[in-house]
Structure formats: C-alpha cells, structure tokens
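Visitor: Numbered continuously in the working numbering, the sequence shown closes out at residue 1081.
Virtual Cβ for every residue (Gly too), placed ideally from N, Cα, C.
This is the structure I have questions about; it appears just below.
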Amino acid sequence: MPVGSRPDSRPLVSHALEGALRTSVLQHLVVVAPPDGDGVAQVRSALQDVRTGDVTVDVVAGGEDRVASVRAGLGALPGDVGIVLVHDAARAFTPPEVFDRVVHAVRAGHAAVVPALPVTDTVKAVRAHGDVELVTGTPDRAGLRAVQTPQGFLRETLDRAHAHAAGEGRHTDDAGMVEAAGGHVVVVPGHARAMKVTTPEDLAVAAAWVDDEGEASREPCLVVLSGLPGVGKTTLARELCRRTGAAHLRVDTVEQSLVRGGLPEEELGAQGYAATLALAADQLRVGLGVVADLVNAAPQARAAWETLAKEAGSRLVRVELVCADQGVHRSRVEGRAGEIEGHRLPTWEQVQEREWEPWPGAELRIDTGVTPVADAVAAIEEACR
C-alpha cells in the first residue's frame, strides 16, 4: 500500500529500503518477501526505482514464520559477512543514525545490540478474569525499554541463536533468541521515527511524515560547510551527500581543474569560488540539493552564498566547522594524504596562519573534534527540513 497522498507515493517496503541505504554501514542487503508465489515479484517491483548505489540488494522468499524468514535472509548473505542487522520493514522511517549506533556498538565488542526508547506510559501486568482483565502488578518503568530495529549481531551469535531456537515459534525478535541461548544483549538509544507502522493510526502518522518531507524536498537545500583545512569538511560533505543525494561541490577540485585548464595560480582563489558558485546555481536550478565544501573565510565569499540561496529560492544552511582540540586538528592536517592531482595540502603552520572569523548568523557550529560524523550529519539534515 502506498504511503502518503502524493501521486508518486511509494509502498512501505520502498521507504524501508531507501532509509536503510542512507546509512554508510551496509555492504549487502537482503529483503525477505512473503513466501507465496507472487511475493518476491511484488517486492522486486516495489523496489525497482530505489537507488542502491554500491550496496548489493537481493530479494528472497521468506518462511512460514518470522524465525524461518530471518533464517532465509541469513542464508542469502555471503559467508564473509561478520555483522548482521535484522530490520523490520514496518519500521520504515528509522533514521540512519540508529543504524550507525547499533553497528558501532557491535564493532565495539557487543555481540547483540538493540535500539530502544524509555517507556513513558505506566505499564500494567494483567491476566484474564472473566470478560475483563485483572491487574496483577505494576512494573517499575524506569527499568523498561521499548525495543526497536535494526537489531545488530555478530554473525556467529545470530547463527547460534537460530540453531538453539530451531522449531520454536515463541520468539518475537532475534534479541530474545540470543537471550534464550544464554547471550547478553545491550541497548543503544532508538528514535521516535523508528515506530512500527501496524495500525491505521500509525499509517496516518507515517503518511504525514512522507507528505511533509515531499513538500520540503521541493525546496532544494544549499548547505555551505565552512572551516579551516583539516576540520573534516570533505568527510562530512561526502557522508551528507551520500545520504541525501545532494551534489558535492568541493572547491579544491574545482580550483585544480581550472589550473589544469591554464588559469594562473595567482588568480585561483577568486575564480575557483566563482566557478563553484556557478556550478551550485546550476544544480539548485534543477531542484538538486548542494553541499559546498570550502574554507569560505572572506565576508564577501560568505555573502555570495547567501545571495545565491535567495536568488535560487533555496533553503540555506550555513555550517561553521571547527576543531577546538588543537592536538586533534594538527594530527588531521599532518596525517592527510593528497587525492586531487596537483593540489598541495597546507602544512600545520600554514593552517595556523589562515585568518578565520566566526560566520555571523550560521545555523550550525559543529566541533568535529568531539562530534561523530553521524551526529553532525543528522544535525544538518534536521536543519534542512
């Protein structure tokens, strides 16, 4: 069933796949379809317009119950996959940072990880009592969590849990199977948008999200990442563009292209910025978002981006990136490897000599020395909404 009221509305599984692909942690993705004869064909049809990038996506038939379906998905994964995420397509709007948190925790040494939210409602334990239910207890909600997906596991842990639970149909999630097999499960923060869409009311909420995002996507977002060399502009820009589909305009790349075309280096600064602005204008004109990646220290350069956003009718998100820890900043500058032909990377001494003033009115100021890339990207995405 399509979600939302727009003419181009797509089914829930399409949103689930698209959302999962917005994270950088996936290499291979298996979609488990209903086991009936048309299930695989229907799911493949629903997913045909989703851009999968470098991630391999397979669709396989599921089993008679949830456990059998997960086992079918596991069987379709290559043998060298060491970490497995099990995700419910009904939680189609789970933000990418939840995927990132789960994988980070598994890589940190936890064999089974679930995202969850604190329980805010009072919970009652009940038992049947005639035509009503009788309350038998009130658990302390301080120790309760509402578990979501994706749930993450070391491959061998999940395989072992499934072998232990063979023939049992009582498990409602894979973490419960790990617990039953004697394993430990840890919790990381979930997200309200990772709700399970199961009722008509849930579907109405999801449709409102889709419609709101559809309206927002009509106005392309211009993100300008500014900061001294070595603060992480390009790393952040690449991750943001991969998640959002925006165009990445890196002034260093533009400038070296101009040099190879014969432009004297003494004219590089002004001409490089002008060319980057022109490229950005072209992308915004056709409705594409843009992430500009440049030092952008001069007031006139900053004003030019602000003018471009107004003329293009685009949302402008000005992001000032800093690395307050000088030791971390220096190690980044001195540890960088050149990747653009002809581009000479600045030394730490040259970076220190650069003039830099805070950007008045910037929507975000992010210290990349203490803020993980996933969190920085999430903050920028939120500012673009």
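If you measure between the beta carbons of Ala890 and Val881, is that distance less than 7 Å?
Guide: No; because the gap between Cβ atoms is not below 7 Å, this pair is not in contact.
Visitor: Can you find the residues in the same chain that come closer than 6 Å, C-beta to C-beta, to Pro896, ignoring five residues on each side of it along the sequence?
Guide: Once the five neighbours on either side are set aside, Pro896 has no close Cβ partner at all.
Visitor: Just to confirm the assignment, what range does the beta strand (DSSP E) spanning Ile1062 have?
Guide: Note, Ile1062: beta strand (DSSP E), 1060-1063.
Visitor: Quick test of your reading: Val709 and Ala801, contact by CB under 8 Å. State the CB separation rounded to the nearest angstrom.
Guide: Actually they are not in contact, since the Cβ atoms of Val709 and Ala801 sit about 26 Å apart, beyond 8 Å.
Visitor: Return the residue from the list Asp1063, Ala977, Arg1014 that minimises the CA-CA distance to Cys1080.
Guide: Looking at the Cα atoms, Arg1014 is the closest of the given residues.
Visitor: Can you list, in chain order, the residues of its chain whose CB lies under 7 Å from that of Ala912, leaving out five sequence neighbours each side?
Guide: Caution is warranted here: a pLDDT of 49 is assigned to Ala912, below 50, making its placement in the model unreliable, and the coordinate value is therefore given only provisionally. Cβ neighbours of Ala912 beyond the five flanking positions: Arg1081.
Visitor: Touching or not, the stretch 1063-1076 and the stretch 790-808, by the rule of three or more beta carbon pairs under 8 Å?
Guide: Yes, since at least three Cβ pairs between the stretch 1063-1076 and the stretch 790-808 fall closer than 8 Å, the two stretches touch.
Visitor: Taking Val777 and Leu854 to be in contact with their CB atoms under 8 Å, please state how far apart those CB atoms are, rounded to whole angstroms.
Guide: With a Cβ gap of about 11 Å, Val777 and Leu854 do not count as contacting.
Visitor: Is it true that the CB of Pro925 sits closer than 7 Å to the CB of Val1047?
Guide: Against a cut-off of 7 Å, the Cβ pair of Pro925 and Val1047 comes out as a contact.
Visitor: Give me, in chain order, the residues of the same chain whose beta-carbon lies closer than 7 Å to that of Gly769; leave out the 5 immediate sequence neighbours on both sides.
Guide: The residues are Val726, Val728, Val756.
Visitor: Looking at the strands, I want to know which residues DSSP matches up with Phe849.
Guide: In the DSSP output, where bridge partners are listed per residue, Phe849 has Val780, Ala808.
Visitor: How long is the line joining the alpha carbons of Ile1062 and Lys929, rounded to whole angstroms?
Guide: Looking at the two C-alpha atoms, the distance is approximately 11 Å.
Visitor: Tell me Pro814's beta-bridge partners as DSSP assigns them.
Guide: In the DSSP output, where bridge partners are listed per residue, Pro814 has Arg841.
Visitor: On the three-state DSSP scale, how would you describe Pro703?
Guide: Low confidence applies here, because Pro703 scores a pLDDT of 49, under 50, leaving its location unreliable and the question unanswered by this model.
Visitor: Indicate the three-state DSSP secondary structure (helix, strand or coil) for Thr752 in the structure shown.
Guide: In the structure shown, Thr752 sits in a strand (DSSP, three-state: E or B).
Visitor: Would DSSP call Glu714 helix, strand or coil?
Guide: DSSP places Glu714 in helix when its eight states are reduced to three.
Visitor: Is it a yes or a no for the stretch 1037-1055 touching the stretch 986-998, going by three-plus beta-carbon pairs under 8 Å?
Guide: Short answer: they touch.
Visitor: Excluding the five sequence neighbours on either side, which residues of its own chain have a C-beta within less than 7 Å of the C-beta of Val980, listed in chain order?
Guide: The question names Val, but residue 980 is Leu in the sequence shown. Excluding sequence neighbours, Leu980 sits near Pro916, Leu918, Val986, Ala1008, Ser1010.
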